[in-house]
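Beneath this line is the structure, given in structure tokens, with notes to follow.
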Amino acid sequence: MLDKNGQVEDGRAGLPVPKPSSSFWLQDPSPILLGHRTTPELPETADIVIVGSGLTGSFAARFLKNREGSNESVVILEAREASSGATGRNGGHCQPEIYRSAPDVAAFELENYHFLRDLVKKHSIPCDWADKDGIVHSFFSPDLWEEALAAVEKTRKSHPELGTQLEVVHPPSATNNPPGSNHTLAGLRIPHAHGAVIQKHGATLWPYKLVAWVLEQLLSAFPAPAFNLQTNTPVTALTRTPSSPYQWTLTTPRGPIAARQVLLATNGHTSHLLPAFADLIVPVRGQLGAYRPPEPSRPPSPMTLHHSYGFDSSALDPGGPRGEYLGQRPGPGGDLIYGGGRRRARNLAVGEWRDDEVEEVVAGYLRRSLLEVFDLRPSTEARGLGELEPTFEWTGVMAYSRDRRSWVGAVPEGLGGGEGLFVSAGYTGHGMPHAALSARAVVEVMVGVGNPGVGLPGGYWVSEERVRVVRETEESVVERRDHGGGGDVPKVIAP
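Reading the sequence shown from the start, the letters are residues 1 to 495 in UniProt numbering.
Okay, here's the thing in structure tokens:
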């Protein structure tokens with residue numbers, strides 16, 4: 001039940017809204033997937049039902065159906081069009097965090113990055129995958145810069161294999177500027193930064209098209225009942241009948257479907273079906289836009305960026321706290337994809353599960369703020385720009401985890417689950433380098449070949465003990481909001 005502000009009264013997320021904002025990534029939908037229902041009617045039963053058709057749900061289905069000896073019937077239920085949630089509404093980056101994550105998390109994110117990169121190259125997936133020269137983390141506050149330097153140094157000492165993937169760029173005035181640096185702050189278009197860290201690996205892509213390829217391949221290779229995709233079929237309730245072999249019943253407006261196993265790939269909407277997760281996985285709305293780069297005032301050519309960027313500052317910076325990110329579409333003069341601005345959003349956008357609103361305050365900030373920290377001039381001639389021209393402005397729902405780590409695995413009865421119910425969600429705004437191999441891990445447990453505690457970073461697996469510890473030791477996301485915390489990137493975690 002919703003309150004007067006459109007929020008769920010008990011703190012749960014609602015269902016995906018039927019008419020979301022227009023995402024750049026969803027402007028060219030797959031004709032095969034648009035409105036797709038593999039069978040006209042919803043099947044009465046299935047061996048496995050996956051709720052959600054983004055990165056997690058689509059790759060879970062791929063891992064299930066491509067394993068040797070697979071004979072399960074798999075149904076994906078999607079509340080709206082295929083991959084129209086977070087995957088179809090994000091920033092279009094696959095950016096592992098090397099020094100701002102614990103080492104096991106950094107290694108897992110790198111593994112996800114290489115897995116996706118190799119898959120795209122092997123199959124020539126038309127998703128505009130573009131390996132960048134790295135991602136530039138730029139710092140505009142001295143406190144965050146010093147914190148980043150300390151984290152880099154600690155990474156280099158404790159995990160040199162990770163440290164070799166980092167390059168530190170100091171300002172020209174720094175006495176400790178390392179010899180042989182290949183970059184300068186001015187050359188990176190961030191002349192006013194206190195410093196920058198370049199991570200070697202990073203890519204931009206069209207995330208929807210990657211998922212569309214996965215789903216289209218599944219539909220082609222595995223006709224129903226082996227694989228069945230049902231779009232525009234929201235799940236309104238989930239109930240268990242332990243005495244039945246099809247012990248889970250999923251209620252939809254088109255009727256029920258019973259399953260032996262269920263995987264919730266529902267990210268920010270998880271608490272709608274699992275109320276016990278309302279304080280563990282909290283929806284947080286992100287906002288971003290696609291912007292035309294400035295036209296060159298004279299030759300040679302339109303602006304082309306060779307890196308992706310993050311822009312970090314704290315309350316100590318005169319411009320205020322920021323946590324934005326930037327990438328560019330492939331080709332000269334490609335649109336700039338720029339997002340963030342959550343510090344300007346209503347209530348820091350915490351608890352917002354609707355993606356049909358574009359907050360004008362945030363939109364105005366994004367149109368102007370990149371010009372404050374990034375040199376967008378296509379030549380040495382100043383352009384006098386006031387703000388960028390958007391082609392699309394949209395929002396998407398992230399899922400912030402209470403302990404900043406994903407929730408993957410079997411759902412215990414104490415959390416509303418029981419035998420046959422699984423989840424992979426809570427990526428805290430960093431799903432691209434997490435979701436695919438999180439899906440692999442949960443699938444391995446579902447089919448009985450995996451070992452919880454192996455293959456994922458420590459602390460990602462769901463357990464009642466983890467929940468107890470988290471609730472005793474971690475502030476909720478709402479509490480962190482009330483304290484003024486919660487930027488657009490996870491807090492630095494020194495290894």
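A virtual CB, placed ideally from N, CA and C, is assigned to each residue, including glycine.
Buried/exposed call for residue i, threshold 16 Cβ in 10 Å
i: S379; result: Confidence is the limiting factor: at S379 the pLDDT is only 45, short of 50, which leaves the residue's position unreliable, though a coordinate-based value still follows. The residue in question, S379, is exposed, as its Cβ has fewer than 16 Cβ neighbours within 10 Å.
i: G286; result: buried
i: L238; result: buried
i: E381; result: With a pLDDT of 45 at E381, under the threshold of 50, the modelled position of that residue is not reliable, and no figure is offered here.
i: D312; result: buried
i: R298; result: Note that R298 scores a pLDDT of 48, beneath 50, so its modelled location is shaky; the value from the coordinates is reported in the next line. So R298 ends up on the exposed side.
i: G187; result: exposed
i: H123; result: exposed
i: N182; result: exposed
i: D403; result: buried
i: I190; result: buried
i: L42; result: buried
i: G180; result: Its pLDDT being 48, under 50, G180 is placed unreliably by the model, and the measurement read from it follows with that caveat. So G180 ends up on the exposed side.
i: R368; result: exposed
i: H269; result: buried
i: P18; result: exposed
i: N5; result: Reliability of the predicted coordinates at N5 is poor, the pLDDT of 48 falling under 50, and the value obtained from them is presented with this limitation in mind. Classification for N5: exposed.
i: P16; result: buried
i: K132; result: buried
i: I125; result: buried
i: G85; result: buried
i: S271; result: buried
i: F24; result: buried
i: G331; result: exposed
i: A13; result: buried
Residues bridged to residue i (per DSSP)
i: G310; result: H137, Y325
i: S401; result: I281
i: P390; result: Y291
i: R240; result: W248
i: P256; result: T251
i: W461; result: V408
Proximity test, Cβ basis, 8 Å: residue i and chain D
i: L42; result: Absent from the structure is chain D; it holds one protein chain and no more.
Beta-carbon proximity check, residue i vs residue j, cutoff 8 Å
i: T39; j: A315; result: no
i: D356; j: G396; result: no
i: L280; j: V262; result: no
i: A226; j: A425; result: no
i: G409; j: V462; result: yes
i: R344; j: V373; result: no
i: G351; j: M398; result: no
i: Y208; j: L26; result: yes
i: D10; j: A278; result: yes
i: V235; j: L288; result: no
i: L205; j: C127; result: yes
i: G202; j: S83; result: no
i: T233; j: R260; result: no
i: F115; j: L456; result: no
i: V197; j: H159; result: no
i: E78; j: T252; result: no
i: L437; j: E161; result: no
i: G416; j: P275; result: yes
i: P283; j: W394; result: no
i: G450; j: R405; result: no
Best match in the options for proximity to residue i [C-alpha to C-alpha]
i: S22; options: N71, A60, G88; result: G88
i: E72; options: I50, A79, G54, A82; result: I50
i: P103; options: L370, L77, A151, R117; result: A151
i: I48; options: R37, H36, I76; result: I76
i: T241; options: R254, A258, D28; result: A258
i: R292; options: F392, W206, H194; result: F392
i: E475; options: G458, G455, Y400; result: Y400
i: P321; options: R342, P332, G331; result: R342
i: G386; options: G364, V197, W407; result: G364
i: I135; options: P412, L437, G310; result: G310
i: T304; options: A276, P275, D317, D335; result: D335
i: residue 503; options: E147, A193, A13; result: Outside the displayed range of the chain (1 to 495) lies residue 503, so it cannot be described from this structure.
i: V74; options: V477, E389, N228, H306; result: N228
i: L388; options: Y338, G416, V411; result: Y338
i: P172; options: R377, H36, L185; result: L185
i: V442; options: A61, W213, P390; result: A61
i: I376; options: K157, V477, P294; result: The residue you asked about is not Ile; residue 376 is Leu in the sequence shown. Looking at the Cα atoms, P294 is the closest of the given residues.
### Message
For the region 433-450 against the region 410-422, do three or more pairs of beta-carbon atoms, one drawn from each stretch, fall closer than 8 Å, so that the two count as touching?
### Response
Enough Cβ pairs lie closer than 8 Å, so yes.
### Task
Tell me, please, whether the region 58-78 touches the region 212-221 by the rule of three or more beta-carbon pairs shorter than 8 Å.
Taking a cut-off of 8 Å for Cβ pairs, the region 58-78 and the region 212-221 touch, as three or more such pairs fall below it.
### Task
Check whether the region 326-346 touches the region 89-109, counting contact only when three or more Cβ pairs, one atom from each stretch, lie closer than 8 Å.
In short, these stretches touch, since the Cβ pair count reaches three.
#### Entry: the region 163-175 touching the region 55-62, judged by at least three CB pairs closer than 8 Å
Taking 8 Å as the limit for Cβ pairs, the verdict is that the region 55-62 does not touch the region 163-175.
### Query
Can you find at least 3 beta carbon pairs, one from the region 461-468 and one from the region 140-149, that sit closer than 8 Å?
Counting Cβ pairs under 8 Å, fewer than three are found: no touch.
### Query
Quick check: the region 427-444 against the region 97-109, are there 3 or more CB pairs under 8 Å?
Contact between the region 427-444 and the region 97-109 is present, because at least three Cβ pairs lie under 8 Å.
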